[in-house]
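Residue numbers (the numbering used here), protein chains in the order written: chain W, 256 to 479; chain R, 189 to 969. Input: a single structure, listed below in structure tokens.
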């Protein structure tokens, strides 16, 4: 259990305790003038009640939301999170297959990409990209839990070539290929895909179709 | 703090306690745990949250980009012989996106040309109306006017000078249905065997090589073998530029199996050579020495598969007499590495290493293209390349195979298989064979004797016949000989003399300079038809767009021409589907049998490989082994194309018949392609991005050759051969071997073929574009 999720749980428990306190507190004890002795100081009972109310209703939920989201959003970057939905398993199996030559597998083996391998390519850069990826993840989650999908799944829009270019653009091996200069703008605006020439990122839709020769292997994650 | 409490109890769930007897506004608050109202509130809150989440999801679904294409269609790339499957994304009747077809043999990969297919049908310069040359200028005409003139001139020529005075020059880019129809129309209809085309310039030697070796044309192996090979022997080919998805598959194989060795034999340090593990650079024109020398090592050092040879191979001397193992050994004595090393320009140790590698690894695949085909000894190179596989038994297993790469998308299916060359009839039949002629006359329903018994004119002879008036009318379809013929100056003159009809999609091609009539053709997905690429794979391209203006499909043009020539009965199949039915059924009478490839199957499949004799046959990736429907029961390997079921090795000696290099012409010019441009650039050089990014025509040579000539990068040089001269800028590069110049031929305003020799292979008649002796001098400005 990560520190963040522990904190989230603790804060959530505290919120619950606060709520119960507020709800079950004997309001007769809050008559004006009634004081509570706190060891060192004596304060009006109503003030304490109001303070606890403020923290419980106004403060703690925000903190819980913040830590929970941080936890979920950070966690959503992990490969495990993506493979949590079994329709993503073929991509993960293939990516981790040391004999696979898919783009995902080759990048997975590359030293430059140590973790968050799905997220690294599938989130755009900057806050907008991250947000878009999370929203897309939420959309996937709803579809997955409601069963509103059919296998093989297919990418809804286009893979954004900027994810490729942000690392490869400007490097010597990229720049010295004349075809890249020709492709240039078309890659950035999505009219052309890097995979047009550089092969498939993941197993093909045919391979991912239930009943195909590769389906079982891809779904069980058994790497031969 | 006060809390209000309703007068009447709404505690229906019995959760609330009774009111305090002391009675006081505040007293009534705490005892109630959850009121009915609370439950309602909770429910409402939950409902709202769900609704909110649902609405949020709905918004996300609506927002999620779908990509601009509304519909996707399976098709095939327009360009090279790799024949990549593509998926075309369309919207509002336009192709707006293209992706590689993941389920096709190219596994979703294309090259930059294929990735730009979206712009192909929108390129400027399309022909939209027929044109007739009047007073020296091409002027618009109606279809009826133009076709009437064409028919009249063809009829007149046949009447005055016989059927052999008319000719058809076709293309490896027409659909199978179109080439088949033209072939039938000319040979069985007009009685002229003068049916040839650009595949003569491109792969005639490979076709003859296969036919001589196995008795049947077309390769025994397939691209799938790449996934199993451990040695790639790439000779006279530059797949990293010219067949990029094929090369990507080779690199993929090496990435997955690091023991894989890629050998590149090329006088230039091409992009393929850059990626290769071993690059050897022989003197241009000498590589038959290399192949025989490797055979020498294989035989003398015991790397040969004697059992395989005695079971499945027969050998012939150059005079046609049978040869035995002893004769082979004696023949090879002259090719010991130490004896050929100097002429070849390759160290003897390197030759030994290559021979051992080729013979001893579990699976060796050789790939070649124009470097072996476009040569005066093209056929010998092809038979010897196949011989290396036969001597070592590197054939008939996954990954062990010879595979010639091809230049055009449909030279195999459209021209070789339909027999649309001057010496051929469909499915490997020969004009010179009376039984073959009789068979085709019967199938085509024409009287016996209709097909002339002598082969027609091959490309070079055809253009020479226009020069001296033997051929008066030429129907030139979908090809650009005005740029692609070697010794171009000579054949430009020839084209001026004949009545030339040019059927093309684009105006202002180098050939239309000589056209008397120009007919606008639909191109690619503006018409329907079947392409057959390198590995006997047939793929259907559906019609997805309308042709611009009045342009018609080449098939429609041929059918119209047939009608006007009075041959409507012969050319009774009028649509691509009808022609396919006729042609598919015809194939069942041959070892090409693809009668199982119905139109419906082709529509569904991502290509099918013949033989495919029944509708439930999956097609054949590798020939001559079990799985090929013609292999006899119980045989591991069966070369059924020959009468004795044995493949043949021809002991053809090396003779230097290339354009002679001497003191006057001391350097060798070799020509080729670059990845972005395709052939004569008619299509690719009109794409602005490609045009801007690729250099204009120029000569490449190494520093060692440039310095003595006083040439620096960017200087202009005059290159002269025995055939012609051309001036152009020079690029000093590390690619060509010393003594070698390179030039690409895509620039229509810089016709390098004016310099290139028209020497050709004596059997295949394929010209040698690879070795022209030249003289280079600096142009002083």
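C-beta: ideal position from N, C-alpha, C; glycine also.
Could you tell me the alpha carbon to alpha carbon distance between residue i and residue j, rounded to whole angstroms?
i              : j              : result
residue 402(W) : residue 342(W) : 11 Å
residue 960(R) : residue 951(R) : 20 Å
residue 191(R) : residue 388(W) : With a pLDDT of 47 at residue 191(R), under the threshold of 50, the modelled position of this residue cannot be trusted; read the value that follows with caution. Roughly 46 Å separates the two Cα atoms.
residue 353(W) : residue 373(W) : 16 Å
residue 332(W) : residue 371(W) : 5 Å
residue 861(R) : residue 429(R) : 8 Å
residue 788(R) : residue 315(R) : 32 Å
residue 244(R) : residue 250(R) : 10 Å
residue 581(R) : residue 701(R) : 51 Å
residue 319(W) : residue 233(R) : 19 Å
residue 806(R) : residue 467(W) : 16 Å
residue 907(R) : residue 559(R) : 22 Å
residue 418(W) : residue 729(R) : 33 Å
residue 386(R) : residue 614(R) : 17 Å
residue 206(R) : residue 285(W) : Note that residue 206(R) scores 45 on pLDDT, short of 50, meaning its location in the model is unreliable and no value can be drawn from it.
residue 573(R) : residue 340(R) : 48 Å
residue 376(W) : residue 924(R) : 40 Å
residue 549(R) : residue 418(R) : 7 Å
residue 889(R) : residue 918(R) : 7 Å
residue 762(R) : residue 744(R) : 7 Å
residue 444(W) : residue 619(R) : 55 Å
residue 457(W) : residue 272(R) : 19 Å
Based on Cα-Cα distance, which residue from the options lies nearest to residue i?
i              : options                        : result
residue 564(R) : 494(R), 366(R), 476(R)         : 476(R)
residue 769(R) : 756(R), 897(R), 784(R), 778(R) : 784(R)
residue 808(R) : 657(R), 921(R), 576(R), 782(R) : 782(R)
residue 351(R) : 359(R), 357(R), 342(R)         : 342(R)
residue 858(R) : 874(R), 864(R), 898(R), 909(R) : 909(R)
residue 238(R) : 406(W), 397(W), 379(W)         : 397(W)
residue 172(R) : 890(R), 225(R), 713(R), 869(R) : Limits of chain R in this structure are 189 at one end and 969 at the other, which puts residue 172(R) out of reach.
Is there a Cβ from chain R that is less than 8 Å from the Cβ of residue i?
i              : result
residue 451(W) : yes
residue 413(W) : yes
residue 437(W) : yes
residue 350(W) : no
residue 276(W) : no
residue 476(W) : no
residue 463(W) : no
residue 356(W) : yes
residue 326(W) : no
residue 448(W) : yes
residue 473(W) : no
residue 443(W) : no
residue 455(W) : yes
residue 466(W) : no
Less than 8 Å between CB atoms is the rule here; does residue i satisfy it with respect to chain W?
i              : result
residue 462(R) : no
residue 299(R) : yes
residue 938(R) : no
residue 438(R) : no
residue 281(R) : no
residue 231(R) : no
residue 255(R) : yes
residue 288(R) : yes
Assign residue i to one of two classes, buried (16 or more other C-beta atoms within 10 Å of its C-beta) or exposed (fewer than that).
i              : result
residue 798(R) : buried
residue 263(R) : buried
residue 261(W) : exposed
residue 875(R) : buried
residue 166(R) : There is simply no residue 166(R) to check, as chain R begins at 189 and stops at 969 in what is shown.
residue 880(R) : exposed
residue 690(R) : buried
residue 445(R) : exposed
residue 216(R) : Summary for residue 216(R): the model assigns pLDDT 46, below 50, so the residue's position carries little reliability; its value from the coordinates is reported in the next sentence. Buried.
residue 420(R) : buried
In chain order, what residues of the segment 849–869 of chain R put their CB closer than 7 Å to some CB of chain W?
863, 864
Under 8 Å, CB to CB, which of the residues in the segment 379–406 of chain W have a partner in chain R?
390, 391, 393, 394, 397
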